[in-house]
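In order, the protein sequences belong to chains Y and Z.
Heads up: the first sequence is residues 1 to 269, going by this note's numbering.
Heads up: the second sequence is residues 1 to 287, going by this note's numbering.
Heads up, the beta-carbon is just placed ideally off N, CA and C, and yes, glycines get one too.
Computed from a prediction, not measured in an experiment: that's the story for all the values here.
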Amino acid sequence: MARAIRPTPSKPTPALLQGEGMRWLVFAVVSLGVWELGARLYNAPFLLPTPSRILQEFLKTPNLVLQNAWVTAQEIVLGFVLGALIAHLAAVLLIVLPKWLEDFIFRLVSTLNSIPFVALASLVVVWLGVNGIGSKVAIAGLYTFFALVYFVHKGLVSTDTGKEELLTSYNVSFAQRVRFLKLPSALPIIFTSLKGGAMAAVNGAIVGELFGAFQGLGFMILDSRYVGNTARVFLAAVCCTLVGWLLLGLLTALERRWVGWHLEMTRQR
Amino acid sequence: MTRLRSPNLLPMLVVALVVVALYYPLMLLANVPVAQRALESGAALECKTALACASQLRSPVLPSPQQLLQGFRNLTFPLTAPTSILPNAWATAGNTLLGLLLATVVGFFFAIGIVASRAFERSLLPWVVASQTVPVIALAPMLVVVLGQYGVQGALPKAIIAAFVAFFPITIGVAKGLRSPDPLALDLMKTYNATQSQTYLKLRFPASVPYLFTAFKVAVTAALIGAIVAEISTVGFQQGLGRMLFENSRASDVVSIWVIMISSAILGILLVALVGWVERRVTPWRR
Chain Y
1 MARAIRPTPS KPTPALLQGE GMRWLVFAVV SLGVWELGAR LYNAPFLLPT PSRILQEFLK
61 TPNLVLQNAW VTAQEIVLGF VLGALIAHLA AVLLIVLPKW LEDFIFRLVS TLNSIPFVAL
121 ASLVVVWLGV NGIGSKVAIA GLYTFFALVY FVHKGLVSTD TGKEELLTSY NVSFAQRVRF
181 LKLPSALPII FTSLKGGAMA AVNGAIVGEL FGAFQGLGFM ILDSRYVGNT ARVFLAAVCC
241 TLVGWLLLGL LTALERRWVG WHLEMTRQR
Chain Z
1 MTRLRSPNLL PMLVVALVVV ALYYPLMLLA NVPVAQRALE SGAALECKTA LACASQLRSP
61 VLPSPQQLLQ GFRNLTFPLT APTSILPNAW ATAGNTLLGL LLATVVGFFF AIGIVASRAF
121 ERSLLPWVVA SQTVPVIALA PMLVVVLGQY GVQGALPKAI IAAFVAFFPI TIGVAKGLRS
181 PDPLALDLMK TYNATQSQTY LKLRFPASVP YLFTAFKVAV TAALIGAIVA EISTVGFQQG
241 LGRMLFENSR ASDVVSIWVI MISSAILGIL LVALVGWVER RVTPWRR
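Here you go:
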């Protein structure tokens, strides 16, 4: 049934490493070259280290950096998965509730959405402790949850009325309605917001670590900043970005697989 | 943002009351174990029982309403003191709105590029997306120093950091808006032999306005977070909620952190409401 509702893809998606991969590579090489050149001309390694200097910094203590990156990656992924799961559950729960309660909670959530969660981070660290990854997972999850819940709910609600009525005439259960109509038609919005959520998770984990940690990339940033080792701060930032890219890449691959039809449709215009 | 039906005031009030009523026992539940431990460790407290102590801990898990009220009073009066909330919130709001303005300019630039040229979209969009995973928080101090060397000082560095966080939702929203006109309307422009710039001015820009405001509502929050983060990491002589947060978090003044958090939440809500108000003035036909 799910098959029948989705339009079939108009043409197969292009192979990854031919067109797009090359473009990425060229762009990466060019921008790294510009950075290297610019940083050398600017000649203030304390403020803007060159990429080669950052690489050297990595090669000094590769194990330690990877260890820190691994800690932060765990926090990001755990927080992202937890936050996303809870956001989806909450969104489904919201549409079960009576209309006035749904309206109220939705209002509450969109209000909470406008709260800067940086402030909460310091409290979460107080609650869950500086040690371990618990407090950072919680902050990353919180960031993800609020980046997602609004859009997932919106996606679940804005299904086509005709299709809704068709399913009503089939007398489907609520679970079937969610499984066969609401989730598939919300998938494009869900994927777009999942990408936003992934970025939020990265930021959340780092913010959490900046407020108190003994390991991880955020800790590395603080630590290196105190001793004035800018190259190491940049190294931590680069690691952080790479972790975020991995997560984004994974999500993009899944998006191509599951909602490729939608991407094709929006590119037509 | 989808328009909600007019709020059902009575149920909302009831729920709000229930929340307030639940808060007090929840606060006691959260604080009593801490108070118990403090009493057992023989700390010199004025209260006798754990239950009595729970509402006056120095670093409570949840602050009691009295403490919050007291904290608000301490941080609000005198109104214009450099350590009170009002001038700091004002400074943060200024940084945020300046950042939003910058983000709008950059966002429109990218959005037009994305819509106008496939090559631009293909080569740049992945990088725009990827740029958002760069932890600006980490690089903010260096960024401020670099900008300072070129005479960029005061609010502008913070606004730039806020803009870096906020331009992404605006880019995506405006790009979506520029693509939103009916294909028939686009074909009509073609039959009128309209130039590209005419198509943009007369059709695509007006069509993107609703999307722009939806994006603004997300972006203004992002900009506020960016501004606060920038203030945290560029502690100087300038004011801002971020600086207050940093100082009180250094002093482990938990109640003050709560007060600042609530204040920044109120600021966020006000800013979103401001965007909503402007939206209603600019697009009256959407009611």
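Outcome for residue i when other beta-carbon atoms lying within 10 angstroms are tallied against a minimum of 16
i, result
"A175/Y", "exposed"
"E279/Z", "buried"
"G154/Z", "exposed"
"G212/Y", "buried"
"L25/Y", "exposed"
"W127/Y", "exposed"
"L10/Z", "exposed"
"A273/Z", "exposed"
"M22/Y", "exposed"
"N171/Y", "exposed"
"N248/Z", "buried"
"L16/Y", "Confidence at L16/Y is low in this model, with a pLDDT of 49, below 50, so the placement of that residue should be treated as unreliable; the coordinate-derived value is given next. Burial call: exposed."
"F80/Y", "buried"
"D182/Z", "exposed"
"K158/Z", "buried"
"K48/Z", "exposed"
"L79/Z", "exposed"
"V282/Z", "exposed"
"T191/Z", "exposed"
"P284/Z", "exposed"
"N193/Z", "exposed"
"N68/Y", "buried"
Min CB distance residue i to chain Y below 8 Å
i, result
"G268/Z", "yes"
"M261/Z", "yes"
"T221/Z", "yes"
"R58/Z", "no"
"R122/Z", "yes"
"W277/Z", "no"
"W127/Z", "yes"
"V146/Z", "yes"
"V105/Z", "no"
"V32/Z", "no"
"V15/Z", "yes"
"I228/Z", "yes"
Short CB-CB distance (under 8 Å) between residue i and chain Z
i, result
"T144/Y", "no"
"N171/Y", "no"
"L93/Y", "no"
"I133/Y", "no"
"M199/Y", "yes"
"W261/Y", "no"
"F58/Y", "no"
"S185/Y", "no"
"L254/Y", "no"
"I206/Y", "yes"
Top-ranked residue by Cα proximity to residue i, from the options
i, options, result
"M27/Z", "A50/Z, A119/Z, L39/Z", "A50/Z"
"A91/Y", "K195/Y, A236/Y, F214/Y, L148/Y", "L148/Y"
"F168/Z", "L17/Z, G94/Z, P126/Z, P63/Z", "P126/Z"
"R204/Z", "Q238/Z, Y24/Z, G173/Z, A140/Z", "G173/Z"
"V238/Y", "P51/Y, W24/Y, M22/Y, T168/Y", "P51/Y"
"F58/Y", "G260/Y, V152/Y, L235/Y, A253/Y", "L235/Y"
"S135/Y", "G204/Y, R232/Y, Y143/Y, V125/Y", "V125/Y"
"L101/Z", "V255/Z, G242/Z, F216/Z, S264/Z", "F216/Z"
"L13/Z", "V34/Y, L108/Y, L37/Y", "L108/Y"
"K182/Y", "S193/Y, L194/Y, L167/Y, E75/Y", "L167/Y"
"V139/Z", "W261/Y, A28/Y, L48/Y", "Looking at the sequence provided, one finds Leu at residue 139/Z rather than Val. When only C-alpha atoms are compared, the closest one is L48/Y."
"F191/Y", "W35/Y, V29/Y, T144/Y, L55/Y", "T144/Y"
"R53/Y", "N68/Y, V71/Y, L32/Y", "L32/Y"
"L245/Z", "A52/Z, L39/Z, S41/Z, N88/Z", "N88/Z"
"V218/Z", "R179/Z, A166/Z, R243/Z", "A166/Z"
"S55/Z", "M261/Z, P33/Z, Q149/Z", "P33/Z"
"R177/Y", "V96/Y, A39/Y, Y150/Y, F106/Y", "V96/Y"
"F146/Y", "I115/Y, D103/Y, W35/Y", "I115/Y"
"L270/Z", "L41/Y, T111/Y, H88/Y", "T111/Y"
"W258/Y", "G216/Y, F106/Y, P188/Y", "P188/Y"
"L210/Y", "V130/Y, A73/Y, G228/Y", "V130/Y"
Interfacial residues, the segment 228–248 of chain Y to chain Z, with Cβ spacing under 7 Å: Going along the segment 228–248 of chain Y in chain order, one finds T230, V233, A236, A237, C240, T241, G244, W245, L248 with a Cβ nearer than 7 Å to chain Z.
Counting only Cβ-Cβ distances shorter than 8 Å, please list the residues of the segment 129–143 of chain Z near chain Y, keeping chain order. Going along the segment 129–143 of chain Z in chain order, one finds V129, A130, Q132, T133, V134, P135, I137, A138, L139, P141, M142 with a Cβ nearer than 8 Å to chain Y.
Whole alpha helix (DSSP H) elements within the segment 41–86 of chain Z, 4-residue minimum: Here the runs fully enclosed are 50–53, 65–76.
If the cut-off is 9 Å on Cβ atoms, which residues from the segment 94–116 of chain Y count as contacting chain Z, listed in chain order? Those would be K99, W100, L101, D103, F104, I105, F106, R107, L108, S110, T111, L112, N113, S114, I115, P116, in chain order.
Between the segment 239–258 of chain Z and chain Y, which residues of the former have a C-beta closer than 7 Å to a C-beta of the latter? Within the segment 239–258 of chain Z, contact with chain Y at the beta-carbon level (separation under 7 Å) is assigned to L245, S249, V254, I257.
With a floor of 4 residues, list each alpha helix (DSSP H) that falls wholly inside the segment 116–142 of chain Y, ordered by position along the chain. List check, alpha helix (DSSP H) in window: 118–128.
For the segment 136–178 of chain Z, list the beta strand (DSSP E) runs that are entirely contained and at least 3 residues long, ordered along the chain. Complete beta strand (DSSP E) runs here, min 3: none at all.
Scan the segment 80–126 of chain Z and note each continuous beta strand (DSSP E) run of 3 residues or more that stays entirely inside, going in chain order. The qualifying runs do not exist here; there are none.
Name the residues in the segment 63–74 of chain Y whose C-beta lies less than 9 Å from a C-beta of chain Z; which are they? Cβ contacts with chain Z: none found.
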